[in-house]
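In the working numbering, the protein residues as written are 194 to 533.
Report on one structure; see the data block that follows.
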Amino acid sequence: MSAVTPGLVCGHHHLYSALARGMPAPPKVPTGFQEILEQIWWRLDVALDLDMIRWSAMLGALEALEQGTTAIVDHHESPTAIEGSLDAIAEACEEVGVRVVCAYGVTDRHGADGARRGLEENRRFLEAGGRGLVGIHAAFTCSDETLEAAAGLAEDLGAGVHIHVAEGSGDAGAPERIAPLAKDDWLLAHGVHLADDHGLPGTILHNPRSNLNNAVGYARPTRFENPVVLGTDGIGGNMVEEFRLAYVLHRSVDVTASPDTAWEWLENGWRLVPEARDDRVTWSYDPMDPWHLAFTPGVRPLEIEVGGEVVFADGRPTRVDPDEIRARAAEQAARLHARL
Ligand SMILES: [Zn+2]
Numbered sequence: 194m195s196a197v198t199p200g201l202v203c204g205h206h207h208l209y210s211a212l213a214r215g216m217p218a219p220p221k222v223p224t225g226f227q228e229i230l231e232q233i234w235w236r237l238d239v240a241l242d243l244d245m246i247r248w249s250a251m252l253g254a255l256e257a258l259e260q261g262t263t264a265i266v267d268h269h270e271s272p273t274a275i276e277g278s279l280d281a282i283a284e285a286c287e288e289v290g291v292r293v294v295c296a297y298g299v300t301d302r303h304g305a306d307g308a309r310r311g312l313e314e315n316r317r318f319l320e321a322g323g324r325g326l327v328g329i330h331a332a333f334t335c336s337d338e339t340l341e342a343a344a345g346l347a348e349d350l351g352a353g354v355h356i357h358v359a360e361g362s363g364d365a366g367a368p369e370r371i372a373p374l375a376k377d378d379w380l381l382a383h384g385v386h387l388a389d390d391h392g393l394p395g396t397i398l399h400n401p402r403s404n405l406n407n408a409v410g411y412a413r414p415t416r417f418e419n420p421v422v423l424g425t426d427g428i429g430g431n432m433v434e435e436f437r438l439a440y441v442l443h444r445s446v447d448v449t450a451s452p453d454t455a456w457e458w459l460e461n462g463w464r465l466v467p468e469a470r471d472d473r474v475t476w477s478y479d480p481m482d483p484w485h486l487a488f489t490p491g492v493r494p495l496e497i498e499v500g501g502e503v504v505f506a507d508g509r510p511t512r513v514d515p516d517e518i519r520a521r522a523a524e525q526a527a528r529l530h531a532r533l
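And the structure:
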């Protein structure tokens with residue numbers, strides 16, 4: 194019994210977070226989203242170098258492929274290793290055989306020079322023909338000048354923007370500040386604290402597991418007119434599992450909710466990476482139907498074709514050695530954790 198679907202798309206990922214697992218506990222237990230950023234992610238990202246970025250992307254791409262995800266929309270930050278970071282991610286995904294849309298998250302957290310270098314990394318990568326978007330971390334870590342510069346760069350290059358919006362209550366002022374800049378090709382990650390009638394154009398990237406883990410609340414995406422796409426926000430690349438959680442979270446506030454809604458969010462990923470629709474994933478389960486999958490754990494790919502090439506067969510990737518990737522990623526994780 195098997196069924197075939199197109200390749201799945203993770204609409205919001207942070208491949209650099211693959212090495213975070215098992216990191217030392219922060220100095221004190223974070224008591225809110227801002228402290229989670231300050232004590233975990235902003236200590237981790239500043240410690241990244243290009244070797245760590247490469248092997249975290251290799252591991253993240255491998256883990257996505259192993260779950261039938263053939264395309265990743267990534268959002269990256271590594272303040273002390275900015276230049277070349279998007280190439281390291283793109284090359285790693287290419288080696289594994291997974292499509293990736295890169296973005297460097299511009300921010301003023303490291304001063305005007307940090308913001309300038311982040312913008313320049315987006316420009317350099319996109320002008321060289323890289324597949325990507327202009328990244329912005331979030332309005333609450335950027336000046337108006339930086340937001341305008343990033344939006345202007347995207348406009349100049351004909352690219353969209355990938356930005357976190359109103360993930361926590363501390364960013365509730367974002368809509369007002371980005372409203373004059375946002376366009377239909379902007380990707381707005383989270384939107385938990387957006388008003389129902391926020392009026393922003395763009396696609397909402399819904400990350401239910403991450404939102405639960407950060408205790409920021411439930412985005413209730415059905416209240417928006419915008420298209421909604423599912424992402425993991427860096428917690429792996431298993432989109433069937435993210436669909437299952439998106440469905441049950443939707444159901445938790447509306448007992449009439451159908452898994453068809455969360456399935457539509459999953460399928461909307463093909464709006465972001467249309468080629469993934471031509472990828473072929475043969476699954477261990479039949480039928481790959483939302484009402485079945487919502488209640489069927491453990492479904493896995495048997496074979497995957499990306500761009501006509503078999504990149505996964507007999508439970509293993511064909512282009513790379515998964516044992517080597519896991520071993521090298523573990524070495525880099527140990528280096529990273531020693532710096533924290
Ligand atoms: Zn994110």
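Yeah, the Cβ is synthetic: ideal placement off N, Cα and C, and Gly gets one too.
Exercise. If you measure from the CB of H443, is any heavy atom of ligand 1 nearer than 7 angstroms?
Worked result: no
Exercise. A344 and L374: beta carbons closer than 8 angstroms?
Worked result: yes
For this session: Take L252 as the anchor and find which of A408, L230, V291 has the nearest alpha-carbon.
Result: V291
Exercise. Short check: CB of A412 to CB of H399, under 8 angstroms?
Worked result: yes
Exercise. Residues in its own chain within less than 6 angstroms of R493 by CB, not counting five upstream and five downstream?
Worked result: S477
Exercise. Is any heavy atom of ligand 1 found at a distance shorter than 7 angstroms from the C-beta of H485?
Worked result: no
For this session: Take R236 as the anchor and find which of E502, V385, H357, H303 has the nearest alpha-carbon.
Result: H303
Exercise. Would the beta-carbon of H269 be found less than 7 angstroms away from any heavy atom of ligand 1?
Worked result: no
For this session: Starting from P494, trace the beta strand (DSSP E) both ways and give me its first and last residue.
Result: 494-499
For this session: Note down, one range per segment and in chain order, each alpha helix (DSSP H) of at least 4 residues found wholly within the stretch 323-361.
Result: 337-350
For this session: Could you tell me whether the Cβ atoms of G200 and L465 are closer together than 8 angstroms?
Result: no
For this session: Can you give me the start and stop residues for the beta strand (DSSP E) that T263 sits inside?
Result: 262-267
Exercise. Quick one: what's P510 bridged to in DSSP?
Worked result: F505
Exercise. What's the gap between the Cα of V289 and the Cα of I282?
Worked result: 11 angstroms
Exercise. Between the Cα of A347 and the Cα atoms of R324, E524, V448, which residue gives the shortest distance?
Worked result: R324
Exercise. Relative to ligand 1, is the shortest distance from any of its heavy atoms to the C-beta of A408 smaller than 7 angstroms?
Worked result: no
Exercise. When you compare only the Cα positions, how much space is there between R317 and D280?
Worked result: 10 angstroms
Exercise. Counting pairs of beta carbons, one from the stretch 497-513 and one from the stretch 480-488, are three or more of them closer than 8 angstroms?
Worked result: no
For this session: Return the chain-ordered ranges of every alpha helix (DSSP H) run that is complete within the stretch 217-269 and spans a minimum of 4 residues.
Result: 226-229, 235-239, 243-258
Exercise. Does ligand 1 have a heavy atom nearer than 7 angstroms to the CB of H207?
Worked result: yes
Problem set entry | Among D378, R521, D426, the one whose alpha carbon lies nearest that of A257 | D426
Exercise. Taking the C-alpha atoms as reference points, what is the distance between E541 and G462?
Worked result: Nothing about residue 541 can be reported from this structure: the residues present for the chain run from 194 to 533 only.
Exercise. With a cut-off of 8 angstroms, do at least 3 Cβ pairs link the stretch 379-390 to the stretch 350-357?
Worked result: yes
For this session: Name the one or two DSSP bridge partners that C203 has.
Result: I265
Exercise. Using the beta-carbon count (16 or more within 10 Å), is N431 buried or exposed?
Worked result: buried
Exercise. So does A382 have its beta carbon nearer than 7 angstroms to some heavy atom of ligand 1?
Worked result: yes
Exercise. Taking buried to mean at least 16 other C-beta atoms within 10 Å of its own C-beta, is S271 buried or exposed?
Worked result: buried
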